[in-house]
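Engineer:
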Amino acid sequence: MSLTAGALVTLVLTKAFEKTGEVLGEKALEQGGKLMQLLRHKSPDTASAMEMVAQRPELVEQQPEIYGEAVLVEKIESAAKSDPEIATAVQALADAVKAQLPITTIENWQGINIKGGNPIINNPSFNF
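Heads up: the sequence shown runs through residues 1 to 128, numbered per the working numbering.
1. For residue 75, count neighbouring C-beta atoms within 10 Å of its own C-beta (all shown protein chains included) and say buried if the count is 16 or more, exposed if not.
2. Compute the Euclidean distance between the alpha carbons of residue 41 and residue 79, then round it to the nearest angstrom.
3. Rounded to the nearest angstrom, how far is the Cβ of residue 28 from that of residue 96, given a contact under 8 Å?
4. Exposed or buried, what is residue 32 when buried is set at 16 or more other beta-carbons lying within 10 Å of its beta-carbon?
5. Assign residue 77 to buried or exposed, taking buried as 16 or more other Cβ atoms, counted over all protein chains shown, within 10 Å of its Cβ.
6. Please report the distance separating the alpha-carbon of residue 88 from that of residue 62.
7. On the criterion of 16 or more Cβ atoms from any shown chain inside 10 Å, does residue 43 qualify as buried, or is it exposed?
8. Report the option in 26, 47, 38 and 91 whose CA atom is closest to the CA atom of residue 71.
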């Protein structure tokens, strides 16, 4: 599991996507629910921290040493390393979220070629 997967899971489970206007699909929400159930049974401290932040998002800034995003990501990654079932659920949720993230493609603009979110700039000159 990568840091990206842990960060995505943290964002989803704390409902941070709602703030940015992202709409999660049914599969991502379903996977998030499954992961939270596993965390409640196998890592109750992690689950309670995630639930607390979901209810009170201001805790991330007020108490970053307990509820900060990096701390929550670390807790999820630690739980995933110690339990293969949690690791599988984390990866399934990360895959579901990544599959739903929009990919912006801009083509046929002279000097600009952006595909899949990786910007590549060719011929960066402006001719008027």
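Yeah, the Cβ is synthetic: ideal placement off N, Cα and C, and Gly gets one too.
Structural biologist: Looking at the coordinates:
1. buried
2. 11 Å
3. 4 Å
4. buried
5. buried
6. 32 Å
7. buried
8. 47
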